[in-house]
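J.: Quick one: this structure, given as structure tokens, is what I'll be asking you about.
Number of protein chains: 2
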Amino acid sequence: MQYTAQPGTDREDDAAFTPRQGAVLEKALGLLVEGGDRALTTARIARAASCSKETLYKWFGDRDGLLAAVIAYQAGKVRAPAPGEVPDTIKAFQSQLVSFAHDLLSVLSGDVSLALNRLAIGQASGEDAKLGRLVLDRGRNAIGRRAGQLLEAGRQRGFIQYADRDEAFRTLYGLIVSDLHVRLLLGDRPNRGKDDYTAQARKSVDQFFALYGAVGRAPVKNSTACGPATTAKNRSDRRQKGKRHKERQ
Amino acid sequence: MQYTAQPGTDREDDAAFTPRQGAVLEKALGLLVEGGDRALTTARIARAASCSKETLYKWFGDRDGLLAAVIAYQAGKVRAPAPGEVPDTIKAFQSQLVSFAHDLLSVLSGDVSLALNRLAIGQASGEDAKLGRLVLDRGRNAIGRRAGQLLEAGRQRGFIQYADRDEAFRTLYGLIVSDLHVRLLLGDRPNRGKDDYTAQARKSVDQFFALYGAVGRAPVKNSTACGPATTAKNRSDRRQKGKRHKERQ
DNA sequence: ACCGAACCGTACCGTACGGTACGCATCTTG
DNA sequence: CAAGATGCGTACCGTACGGTACGGTTCGGT
């Protein structure tokens with residue numbers, strides 16, 4: 053575990069990595085991306101980074117500390133993509149959402165992200181889930197906060213409406229990513245192509261607007277004969293719950 | 053669990069595991085669920101199942117073969133959840149979709165499923181991804197085929213409409229699962245009880261119908277950029293979201 | 001009764017990893 | 001320049017794992 057020089061001097065208590073440490077962690081990241089968990093041994097890191105194992109243990113204390121440092125290092129690298137100017141038109145808002153969706157897909161499908169998620173997931177069995185919590189906080193929740201601000205701006209402008217922002221974001225996330233992330237984590241290589249990502253980003257944002265878009269403002273160019281009649285009757289009552297669940301496990 | 057299935061006597065062409073082998077694999081599964089990848093060593097399996105390491109190697113040839121056998125065994129256990137009677141009313145169709153969503157959430161959040169996915173993901177780094185492919189084929193794609201049939205039946209009945217069935221299913225999957233699966237894989241323990249799964253199932257199916265539901269008018273051309281923006285207006289599902297129970301925490 | 005196959009328990013081997021210790025070169029600091 | 005700190009390279013240790021071998025036991029076939 054790395055230690056700050058003084059525990060109050062900098063609010064950024066993390067990512068206080070020496071350039072040399074950064075270089076070592078970069079090499080470790082390369083090993084991890086290439087060979088996965090098994091390839092990330094102290095001896096290999098030391099040889100790849102031309103440093104000593106003793107130095108590694110002095111810096112990071114433990115192998116878990118080393119892994120955590122790798123994750124923290126990578127997380128600190130992609131800090132704060134852009135605050136993004138507040139959108140004044142719905143067009144700009146949609147464009148920002150599409151851009152967010154595309155960024156999300158690109159990041160999630162990146163080699164480094166996949167390797168780190170695989171590492172954390174593989175290590176997360178049991179109950180500690182230390183690395184998993186780290187990845188979740190630094191990666192997922194960070195991007196969630198960013199998107200949450202974007203959604204809130206759109207809602208205050210009246211472009212969309214929702215009752216629960218977190219739920220709205222989860223819906224947006226599901227529309228964008230679907231099962232792609234798990235597929236990629238499992239090693240599937242579905243039709244790689246950047247164009248597919250932009251198409252998927254647009255489609256998911258359109259669907260999100262169809263669900264959460266505010267009324268009166270057509271989110272998309274009005275194509276004729278797209279009008280659905282009232283679907284409100286579908287969800288009038290569903291109270292009568294027929295229990296038809298087959299428990300199997 | 054399944055029977056002896058001598059080769060040729062039954063149509064069970066795959067996963068022909070002896071009962072004894074099944075018991076051993078069951079013990080291995082327990083070890084995997086409890087302790088993860090690290091706990092699944094040949095010595096531990098042998099001791100837990102009261103068998104010999106040599107027998108393990110004779111049966112499964114290799115450690116990878118053993119892991120693959122564990123996955124195949126579990127996959128064969130949850131075979132054919134239900135043929136599913138064809139729905140004749142939209143009510144029944146929606147109910148079947150909700151049931152599917154609930155089952156999907158329950159399965160994905162189960163300990164065994166999480167352990168197997170973690171195992172395959174942790175092993176999937178690199179390029180082979182043998183276990184990942186196995187999990188994908190036996191788990192994900194199997195459930196996809198089942199849901200695909202369901203969607204197709206609903207489309208032929210005119211309850212929903214889509215151009216690409218696979219795309220429609222992916223949307224449904226994303227609406228149901230969102231990022232829950234990856235969160236669980238990373239060790240996050242979302243504070244939702246089983247009842248929330250039914251709520252989530254209903255909500256996601258409602259959203260799916262809002263996107264793909266057939267409403268008696270002209271069918272959607274491209275299924276994208278044609279969202280029923282006006283429906284978001286007169287829907288009353290925002291009120292539905294208010295639960296009777298106060299939320300903990 | 002005999003035999004061979006399957007199998008259990010244990011011991012064994014080679015390897016690889018986490019972690020530590022030592023020697024030496026380099027750099028900082030007074 | 002002296003002294004200390006930092007870090008590299010290598011060797012080393014204990015452990016644990018994958019995989020193999022061997023003796024002893026059970027059980028079905030003939």
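Chains as they are written, first to last, in the numbering used here: chain X, 53 to 301; chain L, 53 to 301. We treat Cβ as the ideally placed atom computed from N, Cα and C, and that holds for glycine. These numbers come from a predicted model, not from an experiment.
Since alanine 75/X and alanine 101/X should fall inside the 8 Å C-beta cutoff, what is the C-beta to C-beta distance between them, to a whole number of angstroms?
T.: Start at 1 with the first residue of the first sequence, and residue 75/X comes out as number 23. Start at 1 with the first residue of the first sequence, and residue 101/X comes out as number 49. That pair is a contact at about 7 Å.
J.: Among Ala153/L, Asp140/L and Leu77/L, which has the Cα closest to the Cα of valine 257/L?
T.: For the purposes of this step, residue 257/L is taken as residue 205 along the second sequence, with counting starting at 1. For valine 257/L, the nearest C-alpha among the options comes from Ala153/L.
J.: Is there contact here, the region 234-254 of chain X with the region 193-208 of chain L, by at least three beta-carbon pairs under 8 Å?
T.: Touching, no.
J.: Does chain X have any CB closer than 8 Å to the CB of valine 187/L?
T.: On the second sequence, position 135 is the one that residue 187/L refers to. For valine 187/L, the answer is yes, since a Cβ of chain X falls inside 8 Å of its Cβ.
J.: On the CB-based measure, 16 or more other CB atoms within 10 Å of its CB, does valine 267/X come out buried or exposed?
T.: Your numbering for residue 267/X matches position 215 in the first sequence. Exposed, by the Cβ-count rule.
J.: Does the beta carbon of histidine 154/X sit closer than 8 Å to a beta carbon anywhere in chain L?
T.: One-based indexing of the first sequence puts residue 154/X at position 102. So, not an interface residue.
J.: Opposite isoleucine 212/X in the DSSP bridges: which residues?
T.: Counting from 1 along the first sequence, the entry for residue 212/X is found at position 160. Per DSSP, Gly265/X.
J.: What three-state label does DSSP hand serine 102/L in the structure shown?
T.: Here residue 102/L corresponds to residue number 50 of the second sequence, with the count starting at 1. Of the three classes helix, strand and coil, the one that applies to serine 102/L here is coil, per DSSP.
J.: At 8 Å on the CB atoms, spell out the chain X contacts of aspartate 240/L, in chain order.
T.: Here residue 240/L corresponds to residue number 188 of the second sequence, with the count starting at 1. Here the neighbours are Ala181, Gly184, Arg185 and Leu188.
J.: Check whether the Cβ of arginine 254/X lies closer than 7 Å to any heavy atom of the ligand NAD, and answer yes or no.
T.: Among the components of this structure there are no ligands whatsoever, and the ligand NAD is therefore not found.
J.: For the pair the region 104-112 of chain L and the region 186-198 of chain X, tell me if three or more CB-CB distances fall below 8 Å.
T.: They do not touch, by the three-pair rule.
J.: Leaving out five residues before and five after leucine 119/L in sequence, what residues of the same chain have Cβ atoms less than 8 Å from its Cβ?
T.: Along the second sequence, one-based indexing puts residue 119/L at 67. Here the set comprises Leu92, Leu171, Gln175 and Leu183.
J.: Which residues in chain X sit within 8 Å of leucine 263/L, going by Cβ to Cβ distance?
T.: The sequence position of residue 263/L within the second sequence is 211, counting from 1. Under the 8 Å cutoff, chain X gives Gln259, Ala262 and Leu263.
J.: If we define contact as Cβ-Cβ less than 8 Å, is alanine 172/X a contact residue for chain L?
T.: If you number the first sequence from 1, residue 172/X lands on position 120. By this cut-off, alanine 172/X is an interface position.
J.: Exposed or buried, which one is arginine 72/L when buried takes at least 16 other CB atoms within 10 Å?
T.: In the second sequence, counting from the first residue as 1, residue 72/L sits at position 20. Exposed.
J.: So, do the region 137-146 of chain L and the region 208-218 of chain L have three or more beta carbon pairs nearer to each other than 8 Å?
T.: At 8 Å Cβ cutoff, the stretches touch.
J.: If you draw a straight line from the C-alpha of alanine 121/X to the C-alpha of aspartate 189/L, how long is it?
T.: Here residue 121/X refers to the residue found at position 69 when the first sequence is read from its first residue. Here residue 189/L refers to the residue found at position 137 when the second sequence is read from its first residue. Between alanine 121/X and aspartate 189/L, the C-alpha separation is close to 35 Å.
J.: For leucine 227/X, which residues in chain L fall below 8 Å Cβ to Cβ?
T.: For the purposes of this step, residue 227/X is taken as the residue at position 175 of the first sequence. In chain order: Thr223, Gly226 and Leu227.
J.: Note the first and the last residue of the continuous alpha helix (DSSP H) segment covering glutamate 179/X.
T.: If you number the first sequence from 1, residue 179/X lands on position 127. Taken as a continuous stretch (DSSP letters only), glutamate 179/X belongs to no alpha helix (DSSP H), as it is neither H nor E.
J.: Helix, strand or coil for serine 230/L per DSSP?
T.: Counting from 1 along the second sequence, the entry for residue 230/L is found at position 178. If DSSP states are grouped into helix, strand and coil, serine 230/L belongs with coil.
J.: For the alpha helix (DSSP H) containing serine 147/L, list its first residue and its last residue.
T.: What you label residue 147/L is simply residue 95 of the second sequence in a count that begins at 1. 142-160 is the extent of the alpha helix (DSSP H) around serine 147/L.
J.: Which residues of chain L have a Cβ atom closer than 7 Å to the Cβ of valine 234/X, listed in chain order?
T.: Position 182 of the first sequence, counted from the first residue, corresponds to residue 234/X. Those are His233 and Val234, listed as they occur along chain L.
J.: In the DSSP assignment, find the alpha helix (DSSP H) that holds glutamate 137/X and state where it starts and stops.
T.: The sequence position of residue 137/X within the first sequence is 85, counting from 1. Unbroken run through glutamate 137/X: none, as it is neither H nor E.
J.: Quick check: isoleucine 228/L and leucine 186/L, are their CB atoms within less than 8 Å of each other?
T.: In the second sequence, residue 228/L corresponds to position 176, counting from 1. In the second sequence, residue 186/L corresponds to position 134, counting from 1. No, they are not a contact pair.
J.: Can you check whether the CB of phenylalanine 69/X is closer than 8 Å to the CB of leucine 77/X?
T.: Looking up residue 77/X in the first sequence gives position 25. Looking up residue 69/X in the first sequence gives position 17. Contact: yes.
J.: Are any of the Cβ atoms in chain L nearer than 8 Å to that of serine 30/X?
T.: Since the first and last residues shown for chain X are 53 and 301, residue 30/X lies out of range.
J.: Look at the alpha carbon of arginine 241/X and the alpha carbon of isoleucine 173/X, and state the distance between them as a whole number of angstroms.
T.: On the first sequence, residue 241/X is found 189 positions in, with the first residue counted as 1. On the first sequence, residue 173/X is found 121 positions in, with the first residue counted as 1. Looking at the two C-alpha atoms, the distance is approximately 19 Å.
J.: Apply the 10 Å Cβ neighbour rule to arginine 287/X and answer buried if 16 or more other Cβ atoms are within range, or exposed otherwise.
T.: To locate residue 287/X, count along the first sequence from 1; it is residue 235. With a pLDDT of only 40 at arginine 287/X, under 50, the local geometry of the prediction cannot be trusted, and no value is derived from it.
J.: Leaving aside the five residues before and after glycine 294/L along the sequence, list all residues of the same chain whose C-beta is less than 7 Å from its C-beta, in chain order.
T.: Indexing the second sequence from 1 puts residue 294/L at position 242. Low per-residue confidence applies at glycine 294/L: pLDDT is 37, beneath 50, and the placement is therefore not dependable enough to give any value.
J.: Which same chain residues, not among the five before or five after leucine 263/L, have their C-beta less than 6 Å away from its C-beta?
T.: The residue labelled residue 263/L in the question sits at position 211 within the second sequence. So the list is empty, once near-sequence residues are dropped.
J.: Find the residues of chain L that neighbour glycine 162/X, judging by a C-beta separation of less than 8 Å, and give them in chain order.
T.: What you label residue 162/X is simply residue 110 of the first sequence in a count that begins at 1. Simply none; closest approach about 14 Å.
J.: Nearest to leucine 236/L by alpha carbon, out of Gln148/X, Asp180/X and Gly200/X?
T.: Counting from one through the second sequence, the residue named residue 236/L turns up at place 184. Checking every option, the nearest Cα to that of leucine 236/L belongs to Asp180/X.
J.: Using the three-state DSSP reduction, which class does arginine 241/L fall into: helix, strand or coil?
T.: As a position in the second sequence, residue 241/L is number 189, starting the count at 1. Coil.
J.: Assuming arginine 222/X and serine 177/L make a contact with CB atoms under 8 Å, what is their CB distance in whole Å?
T.: As a first step, residue 222/X must be located in the first sequence, where it is residue number 170. As a first step, residue 177/L must be located in the second sequence, where it is residue number 125. Not really, about 28 Å apart at Cβ, beyond 8 Å.
J.: So, are the CB atoms of valine 164/L and glutamine 126/L less than 8 Å apart?
T.: Position 112 of the second sequence, counted from the start, is the residue given in the question as residue 164/L. Position 74 of the second sequence, counted from the start, is the residue given in the question as residue 126/L. Yes, the pair counts as a contact, with Cβ atoms nearer than the cut-off.
J.: Do leucine 84/L and alanine 220/L have their C-beta atoms closer together than 8 Å?
T.: For the purposes of this step, residue 84/L is taken as the residue at position 32 of the second sequence. For the purposes of this step, residue 220/L is taken as the residue at position 168 of the second sequence. Not closer than 8 Å, so no.
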